[in-house]
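If you want the working numbering, it's the position in the sequence shown, counting the first as 1, plus 688. For every residue, glycine included, the Cβ atom is placed at its ideal position computed from N, Cα and C. Please read the structure below before turning to the comments.
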Amino acid sequence: MKVLIADDDQISRMITKAAVEQSGHDCIVAVDGDSAWDLYQEHAPAAVVTDLMMPGLNGLDLCRAIREREQDTYTYVILVTSHGSRKDVLAGMEAGADDYVTKPLDPFNLHIRLLAAQRITSLHADLAKYRTALTKQARTDPLTKLHNRLKLTEDLGQLHSRSDRYSRDYCLAMVDVDNFKRYNDIYGHQAGDAALVAIASTLAGEVRQSDGVYRFGGEEFLLVLREQTAAGAEVVMERVRAAVHALQIEHSGDPDGILTISAGVSAFADGHRAGTEQLLREADLALYAAKASGRNRVTL
Ligand code: GH3
Ligand code: MG
Ligand code: MG
Ligand code: MG
């Protein structure tokens with residue numbers, strides 16, 4: 689572990705440093721609370737062993753500052769108290785310390801506490817990893833591996849407020865697979881799933897890295913095209929439509945004999961700075977028009 693030691697007394701510092709190193713950990717040493725706080729922010733140590741009484745920022749202040757700042761990582765804090773009075777210990781634990789040792793420091797005593805520190809910080813690290821994975825999983829569609837609707841809501845909210853504030857354009861394209869119910873009926877649900885996966889990766893491959901492709905529902909996808917005018921979005925979506933057609937997925941239940949998509953586009957632009965709900969509705973209406981006028985096409 690990386691261990692930060694904070695003590696204003698030189699002899700105590702040396703004793704603590706020797707004990708921490710003897711326990712097999714790397715040391716960063718601070719001569720007072722303020723420099724400890726600077727070093728903490730710079731090095732993100734796994735554990736802190738701090739003196740209680742220091743000029744400037746004292747051990748309690750340091751504890752509070754650490755607890756206020758930390759988010760995904762956990763820092764294990766051990767207080768070193770001079771007299772071990774109950775009042776000091778209580779104040780320290782209340783300020784966020786995990787444990788304490790008393791001076792004169794017994795290296796063995798510190799060693800076993802650092803073992804606990806290691807276990808706790810590694811548990812926290814596992815937890816953070818788990819949380820990150822879950823957050824990602826909750827926003828991913830398991831079939832297509834595209835982002836799902838939850839992620840869309842979050843991303844679109846962000847993009848919208850930024851675009852609104854800085855007067856930027858963006859477009860939405862609602863995509864729906866044509867005659868897909870019949871496709872499932874003819875080729876089976878598994879083939880239907882495979883077709884959705886192929887279409888999803890084609891959609892993702894045809895737009896910019898900065899654009900977003902989301903599975904909106906069953907066989908519906910939503911594309912978020914950043915920095916794009918309606919005319920530009922129409923060109924992009926026409927290319928996307930052609931790319932799906934070019935997959936040449938056979939569909940005997942379709943008039944062309946090929947599995948195709950239709951798309952409806954709406955734009956957030958000067959003169960039309962509608963809210964996200966409204967833009968989604970508009971894209972959906974445009975999609976409906978694309979379906980009504982024959983499918984395998986893009987409508988604004
Ligand atoms: P339209 O051209 O008007 O869109 O006709 P459609 O048949 O595609 O429209 P409809 O909404 O009637 O049917 C959608 C079909 O999509 C029905 C449903 O079984 C299928 N579907 C939705 N999600 C999935 C999925 O995850 N896997 C498979 N295989 N099929 C799905
Ligand atoms: Mg001191
Ligand atoms: Mg549909
Ligand atoms: Mg459909």
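Within the segment 701 to 759, the complete beta strand (DSSP E) segments of 3 residues or longer fall at 714 to 718, 735 to 739, listed in chain order.
Within the segment 929 to 972, the beta strand (DSSP E) runs of at least 3 residues that lie entirely inside it are, in chain order, 949 to 956. Considering only N984, M862, S700, D814, the residue with the shortest C-alpha distance to A930 is N984. Cβ neighbours of L727 within its own chain (closer than 7 angstroms, five residues either side excluded): L692, I716, A718.
Only exposed fits P743, as fewer than 16 other CB atoms lie within 10 angstroms of its CB.
Taking a 10 Å sphere around the C-beta of E938, we find fewer than 16 other C-beta atoms and assign the residue as exposed.
In summary, P733 is buried, with 16 or more beta-carbon neighbours lying within 10 Å of its beta-carbon over all protein chains present.
Secondary structure at T769: strand, using DSSP grouped into helix, strand and coil. The beta-carbon distance between G952 and A977, rounded to whole angstroms, is 7 angstroms. This is short enough to meet the 8 angstroms contact definition.
Distance from the C-beta of M689 to the nearest heavy atom of ligand 2 is not below 7 angstroms. Taking non-hydrogen atoms of ligand 4 into account, the C-beta of D873 is found less than 7 angstroms away from none of them.
In the three-state reduction of the DSSP assignment, T841 falls in the helix class. From the listed residues I754, N867, L860, the smallest Cα separation to I949 is found for N867.
In this structure, the beta-carbon distance from M862 to L988 does not fall below 8 angstroms. Shortest gap from the CB of D864 to any heavy atom of ligand 4: under 7 angstroms.
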